[in-house]
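Numbering (the numbering used here), first residue to last: 7 to 594.
Structure (structure tokens):
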């Protein structure tokens, strides 16, 4: 036994698979070669662009440092600091320097020899103060005559993270003359460096010599805190970038793999890292890949059309014949195939198929005739099974009446018996209108009244429109008989009622009595044709009646199958009701 199911493939499918596999292999091989070579070319081009970008930013940082140096030197040599201090004049001078160099610096602070600190924003400085100013001047004093810079800090005047360039100037005797601090406009620096980027897939990070982030742009640092840091970079990504040697490297970031180019070729010695997303390398080859794929799709459709035209001459007739074979599942054995007239192998196959259908049709017809004969025999057997059962009880009644010398009752009973026998032995129809069945029931009840007395009353409540529905012959008599023998015989009197109800697709016929009723065990015994009564005479009677009910159920199944049914309800001491459910597709 195969562990895996076999895949059924037609000739057309096999040809398509046979030609598709090499086509796809060639197409993807071409795509791989072109994509790989194009990507290598783009990487080389982007590497050159990165080096150029690094060189341009290095030149900009050198120029940026030179401008800061010029500002600091210009302030240190300004005449306002060579004469007795005038606070207003000094503050106006510093404000002028700050306004003239917007984009480079935000604020300038000067500490004179006497320890007085002046600011380009005196009002804010006097109100808010500056907690870092003493530390900035200390850095300058530790490196006199040299332009130094601080680590990033928060400026309450600029309300942002920034750094300061500081310069300490001494006189000829080595005494402090001036200490100057210029706070950078880091947002402007960030924007200016971002202007050098080629597209939105590029970004950068600028570190100072302490490893602090001075500026950055882009989303590659999405996992780090935006803005400047007052300590060395702590995130794994920043640490990874900081530890890279100068050159070009591939780095994994939250935004994906990037190509990182690192350099510190500037006068500050700061590290500038340029980042380019790897996806930009894919963009360059997407156009070429798209064109190759379109050509591949066009070629595949042409291939499909050619294979379809070639295979139609072979596969279409076979598929058509196969569909006709599949229709046999629905019992359609009279199909005619026009392909039987072909002179090729397909015509021979179609002719053989047509011959086989004819033979199957004959066999099916023979089987149907045999099954119908068998069904008729079974129905006759079941119907004949009722007759000796009924005759047994009726002749017993007549015998009893004869012993009692009730001649008129005997004659009336014999007439009713003759009517019932003539009705039951009529073989013209197995189905009769419900009205005929009701008339026969009345004759049957008359016989039983002779036997048990007039205390047994029968009535039916059947609408006139229900009387035309066809029911199997002698299907109701066993139900009335059951009511008499199992419900009213012990009491000697009672009411038997017959009612009908028309549902959507069935007719329900219910026979009820107000007799002694039966237990559930006895109902089950009745339905199976058995009895647990110990009395032998009663046992024979019960068994005969059980046969009647089982006979009804079997006849309904033979006529209607699962669409019909028999149900019984009984309450001990209150009575019994039996309901037949008969489809209404057979009527006059």
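No residue lacks a Cβ here, since even glycine has one placed at the ideal position from N, Cα and C.
Between 583, 302, 486 and 398, which lies nearest to residue 37 when the distance is taken from Cα to Cα?
302
Return the chain-ordered ranges of every alpha helix (DSSP H) run that is complete within the region 237-268 and spans a minimum of 4 residues.
242-249
Collapsed DSSP secondary structure at residue 25 in the structure displayed:
helix
Ignore the nearest five residues each way along the sequence and tell me which others in residue 104's own chain have a CB closer than 8 Å to its CB.
111, 112, 113, 114, 126 and 127
Under three-state DSSP, which class holds residue 212?
strand
Would you mind working out which of 585, 25 and 418 sits nearest residue 504, comparing C-alpha positions?
585
Would you mind listing the alpha helix (DSSP H) stretches within the region 397-475 that are 4+ residues and don't spill past its ends, in chain order?
413-431 and 440-458
Suppose you measure from the CA of residue 486 to the CA of residue 327; what does that come to, to the nearest Å?
58 Å
Thinking just about the alpha-carbon of each residue, which of 483, 254 and 437 is nearest to the one in residue 447?
483
Under a three-way DSSP split, which group does residue 505 fall into?
strand
Within its chain, find whatever has a CB closer than 6 Å to the CB of residue 168; leave out the 5 residues flanking it on each side and keep chain order.
161, 189, 190 and 192
Could you give the uninterrupted runs of the beta strand (DSSP E) lying entirely in the region 83-147, keeping only those of 3 residues or more?
111-118 and 123-125
So what does DSSP say about residue 152, is it helix, strand or coil?
coil
Taking the alpha-carbon positions, what's the residue 471 to residue 442 distance?
14 Å
As assigned by DSSP and simplified to three states, the class of residue 166:
strand
Residue-level contact to chain C via CB, residue 350, 8 Å cutoff
Note that chain C does not occur in the displayed structure, where there is just one protein chain.
Pairwise C-alpha distance: residue 480 and residue 439:
11 Å
By alpha-carbon positions, which one of 92, 109 and 469 ends up nearest to residue 120?
92
Terminal residues of the continuous beta strand (DSSP E) containing residue 581?
581-589
Three or more C-beta pairs below 8 Å linking the region 268-279 and the region 59-72
yes
Would you call residue 414 buried or exposed, if buried means 16 or more other Cβ atoms sit within 10 Å of its Cβ?
exposed
Please classify residue 158 as buried or exposed, where buried requires at least 16 neighbouring CB atoms within 10 angstroms.
buried
Check for me: the alpha helix (DSSP H) holding residue 578 runs from which residue to which?
Careful: residue 578 lies outside any alpha helix (DSSP H) and carries neither H nor E.
Note down the Cα distance separating residue 243 from residue 298, rounded to an integer number of angstroms.
38 Å
Under 8 Å by Cβ, that's how I've got residue 116 and residue 49 pegged, so tell me the actual separation to the nearest angstrom.
Not a contact, Cβ separation roughly 51 Å.
Check for me: the beta strand (DSSP E) holding residue 570 runs from which residue to which?
First-last for residue 570: undefined, no H or E at that position.
Quick check: the Cα distance between residue 136 and residue 143, rounded to an integer number of angstroms?
12 Å
By a C-beta neighbour count over all protein chains shown, 10 Å radius and 16 as the cutoff for buried, is residue 580 buried or exposed?
exposed
Going by DSSP, what residues sit across from residue 194 in a beta bridge?
Its beta-bridge partners do not exist; DSSP assigns none.
Below 8 Å on the Cβ atoms is my contact criterion, and I expect residue 82 with residue 184 to pass it. Report the Cβ-Cβ distance as a whole number of Å.
5 Å
Which of the three DSSP states is assigned to residue 513 in this structure?
strand
The alpha helix (DSSP H) with residue 281 in it runs from where to where?
Taken as a continuous stretch (DSSP letters only), residue 281 belongs to no alpha helix (DSSP H), being part of the beta strand (DSSP E) at 277-283.
According to DSSP, is residue 188 part of a helix, a strand, or is it coil?
strand
Could you please give me the residues that DSSP links to residue 171 through a beta bridge?
155 and 188
Would residue 521 pass as a contact of residue 562 if the rule is Cβ separation under 8 Å?
no
Kindly give me the distance between the Cβ atoms of residue 195 and residue 71, rounded to whole angstroms, as I take these residues to be in contact under 8 Å.
About 11 Å separates the two Cβ atoms, so there is no contact after all.
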